[in-house]
Structure formats: C-alpha cells, structure tokens
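>
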Amino acid sequence: MTISGKAKLAGVMGWPIGHSRSPRLHGHWLERYGIDGAYVPLAVAPERAEQAIRALPALGFRGCNVTVPLKEIAFRTVDRLDDTARRMGAVNTIVVHEDGTLEGGNTDGFGFLESLKADRPDWCAERGPAVVVGAGGAARAVVVALLDAGAPEVRLINRTDARAEELAADIGGPITVAPWVSRETALEGAALLVNTTTQGMTGQPPLDLDLRALPVAAVVNDIVYVPLDTPLLAAARRRGNPVVTGIGMLLHQARPGFAAWFGVEPEVTADLARFVLEG
Ligand code: ATR
C-alpha cells in the first residue's frame, strides 16, 4: 500500500528492533482499514532514546510503541504518565498530543487480560489465587492487571527471591512471595498460572516447574509466543489444564496505541495471529 504526504506516522522504538512483530501487526491493520498511515521500526540505542523520544513531535509522529530495553527510559522522558504506566514503572505506548506534549501509557497489562478473557471467556480474576512466575517488567504488568481485575491473591515466584519481594513492595496489595526453592507449593489451589520469564522461549531451557500441585481446572498462560506451544503449555495441556498462548497479549496490547494514532479501534482475529506469527 502506498502512503501520501499526509500519512499519519507511528512506529516502535527499541534496541535491537529487527525481530519486532509490531510493524507487521500495525501494517496489517493499516491496510485492512484503508488508512493513509505508516508504522515503522525505529532502532534507537539506549543512550539516544531520550533524544529520539523528544523528537517525535518535531518529526510529526502521532506517537510510538516502546519496547525492550527502552521502556524505563520512556517512563522518565515523557511529559505525563497515565496511572497504569506510573504503577508499572514503564511506558510501552507514547501519544503525542496536539500541543506537542508526550503522554506515556502502558498497555501490556491490558493486553494480557484481554487475551486471557478472549481465549477463556469463563475465566475471571475473582475466581481464585493467581500464580505469577518472574519478576521483570512483564511480571509487573501482569501483576498490576490481575490485582486491578480483582484477583484475591497474587502469588509471586522468581528465581531471585529478592526481586519478587521488591516487586511486591513496590506494587502493594495482596501479593505473597513464595521462595523459589519451594515454588511448587504456590500452585496449590491456584486458579491461574502465568509464566512471564524467558524460560521456554526458543533457545532457552523449559521453565523448571513441576505442575503436580496445580488444580486441573487452573488456566495456564505463557506469555512466551516463540514457540507458541511452549513446554509449559504442552505439559499443562497433557494433564488437562486449559491453556492460553502468548500471542494474544502481543496483539491486544497494540490496540490502544493504534486507536489513538490512527483513529480506528482495530480488531484481533485468529487470522491476524497467524499472519503476525508467519513473519
Ligand atoms: P522482562 O522485563 O521482559 O520481564 P527480565 O527483567 O529480564 O525481562 O526478567 C526475566 C525474568 O526471567 C526474571 O524474572 C528472571 O529471573 P531473575 O529475576 O532471577 O533473573 C527470569 N529468568 C531468567 N532466567 C531464568 C532461569 N534460568 N530460571 C528461572 N527464571 C529465569
């Protein structure tokens, strides 16, 4: 599709950026909705990220997504933060307002919940304790989203216990930290298990977690999407647990940015997931 001189501009900033699926995702939506716009990869080194973010209004960009390792820099650079970004300590979506100011939001938690609800309409946060594995940026987004959605308890387990304690203290609310050495006990009576670590990704070992204590009714969600069927999800499926793959979070987190920059609420479909994964 060609673009005109009036094309609406957005993109994704990260370092490196070559593996990002976001240009493919937004490009598909732009074409589908016949929008005169472009969404481009922006390879920006961390030491130049502040400069690049500040340049968005001057370049006429309507905003951009921000990915690893620039989300905390974006958090410190924007003029205003929405509540979610403030609590997560990271920004993944920047909107340039008419007056040239930059607003930072974080849609990762939204994407996680929307994906879970779309794939398991019967699941609801109030149903029981949620176990979250990991304590990085993704874990932060998932924990905030679960608490906001009404989870009665979030049990956090992380290889480095101190990092989980820190996350729990930062976010507050009903978060309990279970030590990594006895992590399996956290699975007892849980209604949801989410892996936010890099374990199970292509080239990484599987997540080292025995599922024996997990109720068979518990939903298991891996946010890793390469491969789509991680060893954790395969093990969960074998024992009868309902599973949610990681691609939905990527697709759904993109919706608010697209709507803000291009003026259309985009739809997530099964075809879209296939198209984005093929790229
Ligand atoms: P992100 O911000 O994308 O979530 P991150 O901050 O690098 O990424 O966090 C990666 C997560 O994977 C962390 O929770 C990390 O555990 P540590 O806090 O102990 O580093 C977890 N992780 C990485 N390698 C792991 C391994 N071999 N076993 C278990 N957890 C691992």
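Numbering-wise (this note's numbering), the sequence shown opens with residue 1397 and increments by one. Cβ coordinates follow ideal geometry from the N, Cα and C atoms, glycine included. Fair warning: this is a prediction, and the values are worked out from it, not measured in the lab.
Quick one: is Ala1514 buried, meaning 16 or more other Cβ sit within 10 Å of its Cβ, or exposed?
Taking the first residue of the sequence shown as 1, we reach residue 1514 at position 118. Ala1514 should be labelled exposed.
> Can you tell me which of the three DSSP states Ala1445 falls into?
Working through the sequence shown from its first residue, we reach residue 1445 at position 49. If DSSP states are grouped into helix, strand and coil, Ala1445 belongs with the helices.
> Who does Asn1591 pair with in a DSSP beta bridge?
Counted from its first residue, the sequence shown places residue 1591 at position 195. The partner list for Asn1591 (beta bridge, DSSP) reads Val1529 and Asp1618.
> What does the alpha-carbon distance come out to for the pair Cys1460 and Pro1575?
The count along the sequence shown starts at 1 and reaches residue 1460 at position 64. The count along the sequence shown starts at 1 and reaches residue 1575 at position 179. For Cys1460 and Pro1575, the distance between alpha carbons rounds to 38 Å.
> If I follow the unbroken beta strand (DSSP E) through Met1409, where does it start and stop?
Here residue 1409 is taken as the residue at index 13 of the sequence shown, counted from 1. Unbroken beta strand (DSSP E) run through Met1409: Lys1404 to Gly1410.
> With 16 other CB atoms within 10 Å as the buried threshold, where does Thr1398 fall?
For the purposes of this step, residue 1398 is taken as the residue at position 2 of the sequence shown. Exposed, because fewer than 16 other Cβ atoms sit within 10 Å of the Cβ of Thr1398.
> Here's a check: name, in chain order, each residue in its chain whose Cβ is nearer than 6 Å to the Cβ of Arg1483, leaving out the five neighbours to either side.
Within the sequence shown, residue 1483 is the residue found at index 87, counting from 1. Within the same chain, Arg1483 has close Cβ partners Val1540.
> Taking the alpha-carbon of Lys1402 as reference, which of Phe1508, Glu1443, Asp1667 and Asp1432 has the nearest alpha-carbon?
Taking the first residue of the sequence shown as 1, we reach residue 1402 at position 6. It is Asp1432 whose Cα lies nearest to the Cα of Lys1402.
> Confirm, please, whether the CB-CB distance from Ile1449 to Ala1434 is below 7 Å.
Here residue 1434 is taken as the residue at index 38 of the sequence shown, counted from 1. Here residue 1449 is taken as the residue at index 53 of the sequence shown, counted from 1. No. Outside cutoff.
> Hey, how far is the Cα of Ala1582 from the Cα of Ala1451?
Counting from 1 along the sequence shown, the entry for residue 1582 is found at position 186. Counting from 1 along the sequence shown, the entry for residue 1451 is found at position 55. Answer to the nearest angstrom: the Cα atoms are 46 Å apart.
> Give every residue of the same chain whose Cβ lies closer than 8 Å to the Cβ of Leu1543, excluding the five residues on either side of it in the sequence, and list them in chain order.
Counting from 1 along the sequence shown, the entry for residue 1543 is found at position 147. If we look at Leu1543 and ignore the five residues flanking it on each side, its Cβ neighbours are Val1550, Ile1567, Gly1569, Pro1570 and Ile1571.
> Between Thr1463 and Val1408, how many whole angstroms is the CB-CB distance? I'm expecting something under 8 Å.
For the purposes of this step, residue 1463 is identified with residue 67 of the sequence shown, where counting begins at 1. For the purposes of this step, residue 1408 is identified with residue 12 of the sequence shown, where counting begins at 1. So it is a contact: roughly 6 Å between Cβ atoms.
> Any contact of the segment 1530-1537 with the segment 1661-1674, i.e. 3+ C-beta pairs under 8 Å?
In short, these stretches do not touch, since the Cβ pair count stays below three.
> Run through the segment 1555-1592 for me and flag every whole alpha helix (DSSP H) of 4 or more residues, listed as ranges in chain order.
1557-1567, all fully within the segment 1555-1592.
> Residue range of the beta strand (DSSP E) that Val1492 falls in?
Numbered from 1 along the sequence shown, position 96 holds the residue referred to as residue 1492. Thr1489 to Val1492 is the span of the beta strand (DSSP E), which, as asked, contains Val1492.
> Tell me the rounded alpha-carbon separation between Leu1438 and Ala1406.
Locating residue 1438 in the sequence shown gives position 42, counting from the first residue. Locating residue 1406 in the sequence shown gives position 10, counting from the first residue. The alpha-carbon atoms of Leu1438 and Ala1406 are separated by roughly 10 Å.
> Given Thr1503, which residues of its chain have a CB within under 7 Å of its CB, disregarding the five upstream and five downstream residues?
Taking the first residue of the sequence shown as position 1, residue 1503 is located at position 107. These residues qualify, in order along the chain: Asn1488, Thr1489, Gln1649, Pro1652 and Gly1653.
> What are the residues that DSSP puts in a beta bridge with Pro1601?
Numbered from its first residue, the sequence shown carries residue 1601 at position 205. BP columns for Pro1601 are empty, so no partner.
> Roughly how many angstroms separate the alpha carbons of Arg1635 and Leu1607, rounded to a whole number?
Here residue 1635 refers to the residue found at position 239 of the sequence shown. Here residue 1607 refers to the residue found at position 211 of the sequence shown. Using only the alpha carbons, I get a separation of about 9 Å.
> Hey, would you say the C-beta of Gly1530 is under 6 Å away from at least one heavy atom of ligand 1?
Position 134 of the sequence shown holds residue 1530. Answer for Gly1530: yes, Cβ within range of ligand 1.
> Would the beta-carbon of Val1640 fall within 7 Å of that of Leu1552?
In the sequence shown, counting from the first residue as 1, residue 1640 sits at position 244. In the sequence shown, counting from the first residue as 1, residue 1552 sits at position 156. Taking 7 Å as the Cβ cut-off, Val1640 and Leu1552 do not qualify as a contacting pair.
> Which full runs of the alpha helix (DSSP H) of 4+ residues lie inside the segment 1422-1468, going along the chain?
Fully enclosed alpha helix (DSSP H) runs of 4 or longer: 1445-1450.
> So, is Arg1444 buried or exposed, given that buried needs 16 or more other C-beta atoms within 10 angstroms?
Here residue 1444 is taken as the residue at index 48 of the sequence shown, counted from 1. Under this definition Arg1444 is an exposed residue.
> Beta-carbon within less than 6 Å of Gly1505's beta-carbon, same chain only, minus the 5 sequence neighbours each way: which residues are those?
What you label residue 1505 is simply residue 109 of the sequence shown in a count that begins at 1. Excluding positions up to five away in sequence, the list reads Ala1537, Val1540 and Ala1541.
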